[in-house]
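Asker: Right, I'll just put the structure down here and ask away after.
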DNA sequence: GACCATTGAGTTGTGCACAACTTAATTGTG
DNA sequence: CACAATTAAGTTGTGCACAACTCAATGGTC
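Chains as they are written, first to last, in the numbering used here: chain A, 615 to 773; chain B, 615 to 773.
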């Protein structure tokens, strides 16, 4: 393989990258998923459900719209997920009085109680990464930058 | 908010981190997914299907087992995916003669031809990230390190 | 050679992500 | 006020990820 200047990558370079950043990202995301699955099993929550509960624990009552903004999910994903949480007795769903289009989600007593049992999860996750706080903060910043760039590109293509 | 030493993060720090690295990772992964979806639409491929085709373009005929190892996917995911690729006329599936348990996947002529049309995708993805080659390589290394650590932790918990 | 554990694909069932659509409530404008 | 456009949830359909399972082929081991 011949040497190339770092600023003039070949098609081959791109082809290799291709199966890489996104693939590595995907793999890391799924690896997190596996660990969360194990840690959340006792609580009877999936990772997306756990994210919803995190928001509710912090904010109390939250409209579906706001949940979607926070978690980057649309109603097509949230509606059935929230129904399952409701069926599990962890949240309530009620139409807003001021705006009948809006539905407010609140944790039930059981849902709120789950917070204690979930308290250990974040620390165990952080420990499992083997990363220090600074590393994590740095990685997060890069990923967020990446997401912003990709969203912009998708929007540009989408036109 | 009070200042803390970097090496003694509080529970609050962990709770905040929690909704962060994994969440950022997830968001980035999905942002990639959205861009790939747009770019692959003309080819009639989803991102996972594209990954399979990448392997086939590079290696020709590959047993399902090997595909699973490469892509970190099990037969529960691959079997239906490969059936869809077969239905689309992009791959063939045949039982191995030496080992009747094994199924070999090969690109058809149409599947191989798709390679040309997909050639642009990697460069456009790389451009969309806004990252240089060095940044991408570095990020990939961090993510792979993360995945390894998480897999080890999951295995340890799994016991 | 018979028996049993292992292996590779496939199937079934659950849940998430997302596109495309529907429905009902609200808002804006003539 | 009326009516069109917008907005918030929800529904439907497709595809992926994964656990748990089945089934047939293979490879020891006695």
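Every residue, glycine too, gets a C-beta built ideally from N, C-alpha and C. Being a predicted model, the structure only gives us computed values, none of them experimental.
Which residue comes first and which comes last in the beta strand (DSSP E) that contains residue 707 of chain B?
Answerer: Residues 705-709.
Asker: Is the separation between the beta-carbon of residue 732 of chain B and that of residue 703 of chain B shorter than 7 Å?
Answerer: No, the Cβ-Cβ distance between residue 732 of chain B and residue 703 of chain B is not below 7 Å.
Asker: Would you kindly check if the distance between the Cβ of residue 757 of chain A and the Cβ of residue 638 of chain B is under 7 Å?
Answerer: Yes, Cβ-Cβ distance for residue 638 of chain B and residue 757 of chain A is below 7 Å.
Asker: Less than 8 Å between C-beta atoms, sequence neighbours within five positions excluded: which residues of the same chain meet that for residue 647 of chain B?
Answerer: These residues qualify, in order along the chain: 661.
Asker: Within the same chain, show all residues whose beta-carbon is closer than 7 Å to that of residue 729 of chain B, passing over the 5 residues directly before and after it, in chain order.
Answerer: Here the set comprises 671.
Asker: Compute the Euclidean distance between the alpha carbons of residue 634 of chain A and residue 657 of chain A, then round it to the nearest angstrom.
Answerer: The straight-line gap from Cα to Cα measures roughly 34 Å.
Asker: Is it buried or exposed for residue 721 of chain B, if we count other Cβ within 10 angstroms and need 16 for buried?
Answerer: By the 10 Å Cβ count, residue 721 of chain B comes out buried.
Asker: Closer than 7 Å, CB to CB, is residue 683 of chain A near chain B or not?
Answerer: Not an interface residue.
Asker: Go ahead and label residue 691 of chain B buried or exposed: buried means 16 or more other beta carbons lie within 10 angstroms of its beta carbon, across all protein chains shown.
Answerer: Classification of residue 691 of chain B: exposed, given that the 10 Å Cβ count is below 16.
Asker: Helix or strand or just coil, what does DSSP make of residue 720 of chain B?
Answerer: Of the three classes helix, strand and coil, the one that applies to residue 720 of chain B here is strand, per DSSP.
Asker: Quick test of your reading: residue 760 of chain A and residue 771 of chain B, contact by CB under 8 Å. State the CB separation rounded to the nearest angstrom.
Answerer: Contact doesn't hold; Cβ gap of about 29 Å is too wide.
Asker: Could you compute how far the alpha carbon of residue 683 of chain A sits from the alpha carbon of residue 706 of chain B?
Answerer: Each residue's alpha carbon lies about 43 Å from the other.
Asker: Hey, residue 645 of chain A and residue 764 of chain B are a contact pair by Cβ (cut 8 Å); roughly how many whole angstroms apart?
Answerer: At roughly 4 Å, the Cβ-Cβ gap stays under 8 Å, so residue 645 of chain A and residue 764 of chain B are in contact.
Asker: Out of A:719, A:736, A:747, A:665, point me to the one whose CA is closest to residue 632 of chain B's CA.
Answerer: That would be A:736, whose Cα lies nearest to the Cα of residue 632 of chain B.
Asker: Would you list, in sequence order, the uninterrupted alpha helix (DSSP H) runs of no fewer than 4 residues that lie entirely inside the stretch 626-691 of chain B?
Answerer: You should have 635-654, 661-673, 678-685.
Asker: Counting contacts by CB-CB distance shorter than 7 Å, is residue 691 of chain A in contact with chain B?
Answerer: Residue 691 of chain A does not count as touching chain B.
Asker: Have a look at residue 681 of chain B and residue 709 of chain B and give me their C-alpha separation to the nearest angstrom.
Answerer: The alpha-carbon atoms of residue 681 of chain B and residue 709 of chain B are separated by roughly 15 Å.
Asker: At a Cβ cut of 8 Å, what residues of the stretch 714-731 of chain A count as close to chain B, listed as they run along the chain?
Answerer: Against chain B - using a Cβ distance shorter than 8 Å - the stretch 714-731 of chain A contributes no residues.
Asker: Expressed to the nearest angstrom, what Euclidean distance is found between the alpha-carbon atoms of residue 766 of chain A and residue 689 of chain A?
Answerer: Looking at the two C-alpha atoms, the distance is approximately 22 Å.
Asker: Going by the beta-carbon positions, is the gap between residue 686 of chain B and residue 742 of chain A smaller than 7 Å?
Answerer: For residue 686 of chain B and residue 742 of chain A, no; Cβs fall outside 7 Å.
Asker: Could you name the residues of chain A that residue 758 of chain B contacts, counting a contact when the two beta carbons are closer than 7 Å?
Answerer: By Cβ distance, chain A contributes 638.
Asker: For residue 715 of chain B, name the three-state secondary structure that DSSP assigns.
Answerer: Three-state result, residue 715 of chain B: coil.
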